[in-house]
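Using the numbering used here, read the sequence shown as starting at 895 and increasing by one per residue.
For glycine and all other residues, C-beta sits at the position ideal for the given N, C-alpha and C.
Treat the numbers as computed from the prediction; the structure is a model and nothing was measured.
What follows is a single structure, written as structure tokens, with notes after it.
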Amino acid sequence: MAVHDFSKEQRDVFDDQHRELKDILRDKAGAEAGVAVKKFDVAISEFAWEQVPMADTQKALAEAIHLANDRKFSNIYEAFLNAPLGSKKEEAKARDLLCQAHGISTTSYRPRKDWELVRAAPFIALQADSYWKDSPEKVLQLASSLQDRGDNYAESGRTRTMDLAASDTTGKLTELLSQYYELYDQSEEEVQARRARGTTYPWN
């Protein structure tokens, strides 16, 4: 079960909890707020999709909780952060502890390419929203295109979306879309190889 597989009740708990903690991180991190929130967000997402070892999740969350310095969230994550990870059995128990902290039942692996695409679409739409503040219909049209498999695969669909993005005079949306389609065309093996090289996209 990944984040998109949660029941509505689980998703609400999951979202509310992380929204609150991200607000705390923004207040505490100051000039580094954007970096701190993104690191936390990536850590939670990678945990839910089983993208990294549990030790990486534990380290990332330890940093976030230390920065937040909030009793409520320290208590929520305490059992997981103190959990040993010396064996597969201990890792499984730690995963269960973090699932309990999040109010979800379990997690499951998804291909890295799927994880990146799911993160990319809302990231690009959010950037579009900042460029087209007075044109919400453009943002909606772009977001819809990114969720449409036909538009993503077909050259005609990509051309329409790129033409729409071209109305952003900064050129940043066009660049993001080019990267998005580049990712879309990669195989899982190519995505994993790029990841091993440490090459990332803005939404990673």
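- Distance from residue 1032 to residue 1022 at the Cβ level is roughly 7 Å; contact confirmed, criterion being Cβ atoms closer than 8 Å.
- For residue 1062 and residue 1025, the gap between their C-alpha atoms comes out near 7 Å.
- Residue 916 and residue 929 do not touch by the CB rule: their CB atoms are close to 12 Å apart, not below 8 Å.
- Bounds of the alpha helix (DSSP H) holding residue 1067 are 1066 to 1079.
- By the neighbour-count criterion, in which 16 or more other beta carbons inside 10 Å mark a residue as buried, residue 1020 falls on the exposed side.
- The alpha-carbon of residue 1065 is positioned some 11 Å away from that of residue 1056.
- The C-beta separation of residue 1060 from residue 1053 comes to about 10 Å, leaving the pair out of contact by the 8 Å criterion.
- Rounded to the nearest whole angstrom, the C-alpha separation of residue 974 and residue 948 is 10 Å.
- The region 952 to 965 makes contact with the region 908 to 922; the number of CB pairs closer than 8 Å reaches 3 or more.
- Counting C-beta pairs with one atom in each stretch, the region 935 to 946 and the region 965 to 980 have fewer than three that are closer than 8 Å, which means they do not touch.
- In this structure residue 1037 is not in contact with residue 1074, their Cβ atoms being roughly 12 Å apart against a cut-off of 8 Å.
- Across the structure, residue 945 and residue 1089 are spaced so that their CA atoms are roughly 11 Å apart.
- Pairing residue 984 with residue 1040, the inter-Cα distance amounts to about 40 Å.
- Remark: C-beta atoms of residue 908 and residue 997 approach each other more closely than 8 Å.
- The beta carbon of residue 1046 sits closer than 6 Å to those of 1078, all from its chain and outside the five residues before and after it, given in chain order.
- For residue 970, the enclosing alpha helix (DSSP H) stretches over residues 965 to 975.
- Annotation: the continuous alpha helix (DSSP H) that includes residue 1044 extends over 1043 to 1047.
- One thing to note: residue 993 has its Cβ within 8 Å of the Cβ of residue 999.
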